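Asker: Protein chains in written order, with the working numbering: chain A, 11 to 281; chain B, 11 to 281. Right, I'll just put the structure down here and ask away after.
Number of protein chains: 2
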Amino acid sequence: MTPSLAAWAAGLVPDFEAALFGRFEDADPGFREALRYPLQTGGKRIRPLLAFAAAGALGADPRRALPAALALELVHTYSLVHDDLPAMDDDDLRRGRPTVHKVYGEAMAILVGDALLTEGFAVIAESPAMVRELAAAAGAVGMVGGQVLDIAGGSQDVVSLTRLHARKTGALIRAAARMGGFAAGADARQLEALTRYGEAVGLAFQVADDVLDAEQDAAPEGPPSFVRLLGLAGATAEASRLGDVACGAAEELPAAERLVELARFAVERTI
Amino acid sequence: MTPSLAAWAAGLVPDFEAALFGRFEDADPGFREALRYPLQTGGKRIRPLLAFAAAGALGADPRRALPAALALELVHTYSLVHDDLPAMDDDDLRRGRPTVHKVYGEAMAILVGDALLTEGFAVIAESPAMVRELAAAAGAVGMVGGQVLDIAGGSQDVVSLTRLHARKTGALIRAAARMGGFAAGADARQLEALTRYGEAVGLAFQVADDVLDAEQDAAPEGPPSFVRLLGLAGATAEASRLGDVACGAAEELPAAERLVELARFAVERTI
Chain A
11 MTPSLAAWAA GLVPDFEAAL FGRFEDADPG FREALRYPLQ TGGKRIRPLL AFAAAGALGA
71 DPRRALPAAL ALELVHTYSL VHDDLPAMDD DDLRRGRPTV HKVYGEAMAI LVGDALLTEG
131 FAVIAESPAM VRELAAAAGA VGMVGGQVLD IAGGSQDVVS LTRLHARKTG ALIRAAARMG
191 GFAAGADARQ LEALTRYGEA VGLAFQVADD VLDAEQDAAP EGPPSFVRLL GLAGATAEAS
251 RLGDVACGAA EELPAAERLV ELARFAVERT I
Chain B
11 MTPSLAAWAA GLVPDFEAAL FGRFEDADPG FREALRYPLQ TGGKRIRPLL AFAAAGALGA
71 DPRRALPAAL ALELVHTYSL VHDDLPAMDD DDLRRGRPTV HKVYGEAMAI LVGDALLTEG
131 FAVIAESPAM VRELAAAAGA VGMVGGQVLD IAGGSQDVVS LTRLHARKTG ALIRAAARMG
191 GFAAGADARQ LEALTRYGEA VGLAFQVADD VLDAEQDAAP EGPPSFVRLL GLAGATAEAS
251 RLGDVACGAA EELPAAERLV ELARFAVERT I
């Protein structure tokens with residue numbers, strides 16, 4: 011992150027994390043601990059930052075997007091907890107820490123994910139537009155639908171791989187931009203620009219992730235990726251192009267600076 | 011069910027099921043089939059009927075509770091799909107049919123549950139009161155919290171067993187009564203009566219289930235139950251008492267007939 015983006019994020023993330031870690035106060039102590047464990051990952055909080063930046067891009071106080079930011083992180087975290095399960099990706103580690111099912115058992119990990127997803131809707135209950143948006147982005151034709159495509163395998167071309175990632179990771183990132191817009195009272199034209207921004211950033215992140223993975227791991231085996239299909243140079247160029255599309259959309263908004271910086275951050279991780 | 015209750019239900023359930031089976035139209039065909047499979051169980055649709063009856067008890071057209079009824083059944087169904095998973099109760103059959111993970115695999119069953127839960131919120135997005143209610147009833151201090159207590163075992167007295175079931179099954183039944191009330195514009199006094207009704211019916215159902223299980227299965231082993239703790243006669247009497255409490259609450263409302271019949275149905279299954 012650029013120093014200005016990092017400073018802006020540092021002004022928002024501590025209050026955001028305090029609110030996030032303060033959820034589930036009424037749950038039984040043992041369950042509360044399990045629920046909070048995957049939230050305390052030290053992740054980059056990209057989806058919350060996108061929601062804050064989208065609200066800010068319309069001239070609003072970014073903190074108006076706090077419920078949206080919490081909902082997005084709760085839903086993103088549930089998806090990681092369930093993706094890590096033995097029946098899914100069977101991962102023992104997540105960001106260097108044991109996954110929820112390794113610490114608390116598989117049954118608890120299923121229930122932790124279920125409760126995190128449910129809580130995601132609780133925090134935005136006051137906003138029908140946000141509930142609609144999050145449900146569409148997270149559900150059967152969004153994130154979960156993308157996960158189904160992923161476990162089915164077989165995205166052997168750029169079109170189907172793009173479709174898979176537009177759902178699996180892209181839908182929630184698109185929702186982050188749009189929910190930030192809802193929080194700031196976006197008009198139709200602004201919402202449309204945020205939608206284009208979110209779609210481009212979402213895909214840019216995934217292409218950039220594939221480039222990072224390829225640079226860190228020379229193994230020729232593995233699932234289909236943009237690097238496998240486009241080559242390393244091709245994928246790097248595609249990430250850059252998507253970043254430009256995102257910045258172009260952001261610059262239609264009154265105060266695009268943070269959205270632009272976040273789009274550049276999405277891409278420049280690769281370089 | 012009494013003939014009048016059955017006739018009333020028969021006037022509501024077909025349209026309800028058509029709307030339920032019509033969800034997920036936009037999902038990919040294979041996933042859509044898996045999502046609809048657990049919805050087509052031929053279950054009694056008790057939670058939807060409670061929501062319809064609660065709306066009707068306030069003098070409203072019961073069909074105003076259709077979104078609530080759909081949300082309740084989607085969330086109830088997700089909970090069954092996840093409860094049946096190998097890491098949870100490991101059930102191969104549900105109402106005589108193979109469980110979702112037996113038909114579609116464990117990963118798909120996890121994702122089917124996730125998508126059903128998410129869709130539950132999509133259908134009531136327009137009502138902040140319903141989203142709040144459903145999230146609280148289904149989440150970490152509601153149904154999922156009760157499931158955590160259940161897998162932890164150890165409800166060896168009536169107080170803790172009541173607490174477990176108040177969450178695991180009671181919270182969603184209570185929410186059914188209240189959401190039906192929201193659909194009909196319940197005032198505070200009516201909502202309070204519906205809450206008492208829902209709490210009593212929810213527990214009555216569970217006590218009656220334990221009585222049914224005890225009558226059908228003479229095995230002395232098994233998890234703690236109201237029959238084990240109160241004896242068969244004691245549990246039967248407790249179910250009857252709870253039915254009376256529910257009917258008393260219902261009769262504070264303008265048109266209590268269906269709520270009363272549903273409460274009697276909850277109890278008289280045992281006799």
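Built from N, CA and C at the ideal position, the CB exists for glycine as well. Just so we're clear, the structure is a prediction, and the values are computed from it rather than from any experiment.
1. Of all the options A:E129, A:H86, A:A75 and A:P138, which has the alpha carbon lying nearest to the alpha carbon of K54 of chain A?
2. Using 8 Å as the cut-off, can you tell me whether the region 141-151 of chain A makes contact with the region 114-133 of chain B, which would need three or more C-beta pairs spanning the two stretches below that distance?
3. Could you list the residues in the region 151-162 of chain A with a C-beta less than 9 Å from some C-beta on chain B, going in chain order?
4. Assess contact between the region 207-214 of chain B and the region 172-190 of chain B, defined as three or more Cβ pairs (one per stretch) separated by less than 8 Å. Is contact present?
5. Using a beta-carbon distance cut-off of less than 7 Å, what residues from the region 95-108 of chain A approach chain B?
6. Could you check how far apart the C-beta atoms of K178 of chain A and M153 of chain A are, in whole angstroms? I think they sit under 8 Å.
7. Quick one: measure Cβ to Cβ for A245 of chain A and V221 of chain A, integer angstroms, because I've assumed they're closer than 8 Å.
8. Hey, would you say A176 of chain B sits closer than 8 Å to L213 of chain B, going by beta carbons?
9. For the region 128-144 of chain B, enumerate the residues whose C-beta is nearer than 7 Å to any C-beta of chain A, in chain order.
10. Between A276 of chain A and the rest of its own chain, which residues show a CB-CB distance below 7 Å, the 5 nearest in sequence each way excluded?
11. Go to E136 of chain B, then tell me how far its alpha helix (DSSP H) extends in each direction, as first and last residue.
12. Tell me whether the beta-carbon of V122 of chain B lies closer than 8 Å to the beta-carbon of P48 of chain B.
13. Determine which residues share a DSSP beta bridge with P108 of chain B and list them.
14. Kindly say whether I120 of chain A, judged by its beta-carbon, lies nearer than 8 Å to any beta-carbon of chain B.
15. Between L204 of chain B and the rest of its own chain, which residues show a CB-CB distance below 6 Å, the 5 nearest in sequence each way excluded?
16. What is the residue span of the alpha helix (DSSP H) that M189 of chain A lies within?
17. Report buried or exposed for P58 of chain A, applying the criterion of at least 16 other Cβ atoms within 10 angstroms of its Cβ.
18. Roughly how many whole angstroms lie between the Cα atoms of V151 of chain A and I161 of chain A?
19. Check whether the Cβ of G244 of chain B lies closer than 8 Å to any Cβ atom in chain A.
20. Going along chain B, which residues have a C-beta under 7 Å from A117 of chain A?
21. Which of the three DSSP states, helix, strand or coil, is assigned to E262 of chain B?
22. Pick helix, strand or coil for E35 of chain A, following the three-state DSSP scheme.
23. V151 of chain B by DSSP, collapsed to three states: which one?
24. Against chain A, does D223 of chain B count as a neighbour if the rule is that its beta carbon must be under 8 Å from one of theirs?
25. With 8 Å as the threshold, decide whether the Cβ of A37 of chain B is near any Cβ in chain A.
26. Tell me where the alpha helix (DSSP H) around G21 of chain B begins and ends.
27. Helix, strand or coil for L95 of chain A per DSSP?
28. Does Q166 of chain B come out as helix, strand or coil in the three-state DSSP assignment?
29. Let's see if you can read the secondary structure: which residues bound the alpha helix (DSSP H) around Q50 of chain A?
Answerer: In brief:
1. Translated into positions along the first sequence, residue 54 of chain A becomes position 44. The residue with the shortest Cα to Cα distance from K54 of chain A is A:H86.
2. yes
3. If the cut-off is 9 Å between Cβ atoms, the region 151-162 of chain A has V151, G152, M153, V154, G155, Q157, V158, L159, I161 and A162 near chain B.
4. yes
5. L95, A97 and M98
6. Reading the first sequence from its first residue, position 168 is the one you call residue 178 of chain A. Reading the first sequence from its first residue, position 143 is the one you call residue 153 of chain A. Yes, they are in contact, since the Cβ atoms of K178 of chain A and M153 of chain A sit about 6 Å apart, within 8 Å.
7. Working through the first sequence from its first residue, we reach residue 245 of chain A at position 235. Working through the first sequence from its first residue, we reach residue 221 of chain A at position 211. With 8 Å as the limit, A245 of chain A and V221 of chain A qualify as a contact, their Cβ atoms being about 5 Å apart.
8. Sequence index remark: in the second sequence, residue 176 of chain B carries index 166 (1-based). Sequence index remark: in the second sequence, residue 213 of chain B carries index 203 (1-based). Yes, Cβ-Cβ distance for A176 of chain B and L213 of chain B is below 8 Å.
9. T128, E129, F131, A132, A135, E136, P138, V141 and R142
10. Your numbering for residue 276 of chain A matches position 266 in the first sequence. Taken in chain order, the residues that qualify are V211, A214, F215, A218 and G253.
11. Taking the second sequence and counting its residues from 1, one reaches residue 136 of chain B at position 126. Counting along the chain, E136 of chain B falls outside any alpha helix (DSSP H), and DSSP gives it neither H nor E.
12. Position 112 of the second sequence, counted from the first residue, corresponds to residue 122 of chain B. Position 38 of the second sequence, counted from the first residue, corresponds to residue 48 of chain B. Their beta carbons are under 8 Å apart, which means V122 of chain B touches P48 of chain B by this criterion.
13. For the purposes of this step, residue 108 of chain B is taken as residue 98 along the second sequence, with counting starting at 1. Beta bridge pairing from DSSP links P108 of chain B with B:L103.
14. The count along the first sequence starts at 1 and reaches residue 120 of chain A at position 110. Yes, contact with chain B.
15. For the purposes of this step, residue 204 of chain B is taken as the residue at position 194 of the second sequence. Contacts found: A64, A187, R188 and G191.
16. For the purposes of this step, residue 189 of chain A is identified with residue 179 of the first sequence, where counting begins at 1. Element bounds for M189 of chain A: A181 to A193.
17. As a first step, residue 58 of chain A must be located in the first sequence, where it is residue number 48. With 16 or more Cβ atoms within 10 Å of its Cβ, P58 of chain A is classed as buried.
18. Here residue 151 of chain A refers to the residue found at position 141 when the first sequence is read from its first residue. Here residue 161 of chain A refers to the residue found at position 151 when the first sequence is read from its first residue. Near 15 Å, if we compare the C-alpha coordinates of I161 of chain A and V151 of chain A.
19. As a working mapping, residue 244 of chain B is identified with position 234 in the second sequence. Taking Cβ atoms only, chain A never reaches closer than 8 Å to G244 of chain B, which makes this a no.
20. Locating residue 117 of chain A in the first sequence gives position 107, where the first residue counts as 1. Correct list: A97, M98 and I161.
21. One-based indexing of the second sequence puts residue 262 of chain B at position 252. In the structure shown, E262 of chain B sits in coil (DSSP, three-state: anything other than H, G, I, E or B).
22. Within the first sequence, numbered from 1, the residue matching residue 35 of chain A stands at position 25. In this structure, E35 of chain A counts as coil in the three-state DSSP scheme.
23. Position 141 of the second sequence, counted from the start, is the residue given in the question as residue 151 of chain B. Correct three-state label for V151 of chain B: coil.
24. As a working mapping, residue 223 of chain B is identified with position 213 in the second sequence. No, no contact with chain A.
25. The count along the second sequence starts at 1 and reaches residue 37 of chain B at position 27. A37 of chain B counts as touching chain A.
26. One-based indexing of the second sequence puts residue 21 of chain B at position 11. Neither: G21 of chain B is in no alpha helix (DSSP H) and is coded neither H nor E.
27. As a position in the first sequence, residue 95 of chain A is number 85, starting the count at 1. Assignment of L95 of chain A by DSSP, reduced to helix, strand and coil, places it in the coil class.
28. Working through the second sequence from its first residue, we reach residue 166 of chain B at position 156. Q166 of chain B falls in the coil class under three-state DSSP.
29. The residue you call residue 50 of chain A lines up with position 40 of the first sequence. Q50 of chain A -> no alpha helix (DSSP H), and no H or E assigned at all.
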